[in-house]
Amino acid sequence: MADGGRRVIKKVDGGHGHHGGAWKVAYADFVTAMMALFMVLWLLASTDDAARKEISKYFRTGVMPDGEMAMKAAQFAPSLFGEEEGTPAPDDAKLALDERAETAKSMSKKLGELAKQDAELANVMKSVRIEIQPDGVLIEAVDQDGGLLFDSASAELKHPLEHFLEALAPILAKDGRRIEIHGHTDARPFAAGSRMTNWELSYHRAAASRDILTKAGVQEGNIDGVHARGSAHLFMPDNPLAAQNRRLSVKLLIAKPADTAAEPPSK
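Residues in the sequence shown are numbered from -12 upward in steps of one, following the working numbering.
Quick look at the structure:
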């Protein structure tokens, strides 16, 4: 008993007092990570194979065009010439990559401006992708369910694709680079005994595209080749019969450093 009959109670610290706010930070990080996980799962569940392929390319490269273009998958996937990650590219290789990236951005911007002025063209642009490749820049129109660009087994280009090529031609002509035209098909075989195969079909589609491009301004001398790809390079290899495998590609050729002509040996 203390002075004056007062009882003194001494609080004993059991070792579980205040430990600071570190647990709050850890908990916040955990909640953030869970939110990110659910967002990724939702994104994967709500996109088709083609969109997932484009998203994967973005996370591998991190390169996107300047500005927003009215394209469903207009993004750049630069090739790294096979160097190991983290290995600096030689100066000439870096310059070549910069040239391709600038060309791709310029094409994206010009086509985007046209799409803003033309509703039909804007609809086609949703199926157009631009990709940086080791030897140039690929501009590719990808068909969709319902046959936006081609009828199945037909070499005739539908009007939306013709309209796109007519709009693209002056841009290619002003750029002045040599181009290649590639036709692609899905893997659906023709009936036994048919004189047509996917190789012939893809060539006829590419050749018809060449006719439209040259009539709209591309010089014949700037066309480096018209190529039949058949179903050898499927856009959706897990679904060989998908409409998205039917494509028309135009590649602007930009020489790799190794392609530059060497000085002739002295005699």
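Every residue gets a Cβ at the ideal spot worked out from N, C-alpha and C, and that includes glycine. The model shown is predicted, which means the values in this text are computed figures rather than measured ones.
Would you call the region 148 to 164 in contact with the region 174 to 186, where contact means no fewer than 3 C-beta pairs closer than 8 angstroms?
no
Under 7 angstroms Cβ to Cβ from Glu207, same chain only, skipping five residues before and after it: list those, please.
Thr201
Cβ-based burial, Ser189 [other Cβ within 10 Å; buried from 16]
buried
According to DSSP, simplified to helix, strand and coil, what is Phe17?
helix
Looking at Leu135: is its Cβ nearer than 7 angstroms to the Cβ of Pro147?
yes
Would you check if the distance between the CB atom of Asn232 and the CB atom of Asp138 is smaller than 7 angstroms?
no
Distance, Cα to Cα, Glu255 vs Ala128?
The structure shown does not extend to residue 255, since the chain is modelled only from -12 to 254, so the question has no answer here.
Out of Ala13, Arg234 and Pro157, which has the shortest C-alpha to C-alpha gap to Arg216?
Arg234
Identity of the residue in Trp10, Pro176, Gly170 and Gly123 nearest Ala242 by Cα:
Gly123
If the criterion is Cβ atoms closer than 7 angstroms, does the pair Pro157 and Gly204 meet it?
yes
Which runs of the beta strand (DSSP E) spanning at least 3 residues fall entirely within the region 133 to 217, listed in chain order?
166 to 171 and 210 to 215
Leaving out five residues before and five after Asn209 in sequence, what residues of the same chain have Cβ atoms less than 8 angstroms from its Cβ?
Leu159, Ala160, Gly163, Arg164, Arg165 and Ile166
The alpha helix (DSSP H) that contains Ala242, what's its start and end?
Run containing Ala242: none; DSSP gives neither H nor E here.
Identify, in the order they occur along the chain, each residue of the same chain with its Cβ nearer than 8 angstroms to the Cβ of Leu228, setting aside the five sequence neighbours on each side.
Asp173, Ala174 and Arg175
Among residues of its own chain, excluding the 5 on either side of Glu86, which ones have a beta-carbon nearer than 8 angstroms to its beta-carbon?
Ile241
Bounding residues of the beta strand (DSSP E) (the contiguous stretch that carries Leu221):
From DSSP, Leu221 is part of no beta strand (DSSP E); its letter is neither H nor E.
With DSSP run on the structure shown, which of helix, strand or coil describes Ser236?
strand
If Ile168 sits next to Ala193, beta carbons under 8 angstroms apart, how far is it from one beta carbon to the other, in whole angstroms?
5 angstroms
Kindly indicate which residue of Asn110, Val111, His214 and Leu125 has the alpha-carbon position closest to the one of Lys92.
Leu125
Is DSSP giving Leu228 helix, strand or coil here?
coil
Backbone CA spacing between Lys59 and Ile117 [nearest angstrom]
A caution first: Lys59 carries a pLDDT of 40, below 50, which makes its placement in the model too unreliable to give a value.
Evaluate Lys256 with the Cβ neighbour count: other Cβ atoms within 10 Å of its Cβ, from every protein chain shown; 16 or more gives buried, anything less gives exposed.
Because the chain here runs from -12 to 254, residue 256 falls outside it and cannot be looked at.
Cutoff 7 angstroms: Met112 Cβ touching any chain D Cβ:
The structure shown has no chain D; it contains just one protein chain.
Please report how far the alpha carbon of Lys103 lies from the alpha carbon of Leu24, in whole angstroms.
36 angstroms
Taking the beta strand (DSSP E) that Gln131 falls in, what are its first and last residues?
Careful: Gln131 lies outside any beta strand (DSSP E) and carries neither H nor E.
Just mark Met21 as buried or exposed, buried being the case when its beta carbon has 16 or more other beta carbons within 10 Å.
exposed
Residues that DSSP places opposite Gln120 in a beta bridge
Gly123
Relative to the C-alpha of Ser95, which residue among Ala106, Glu107 and Ile119 is closest?
Ile119
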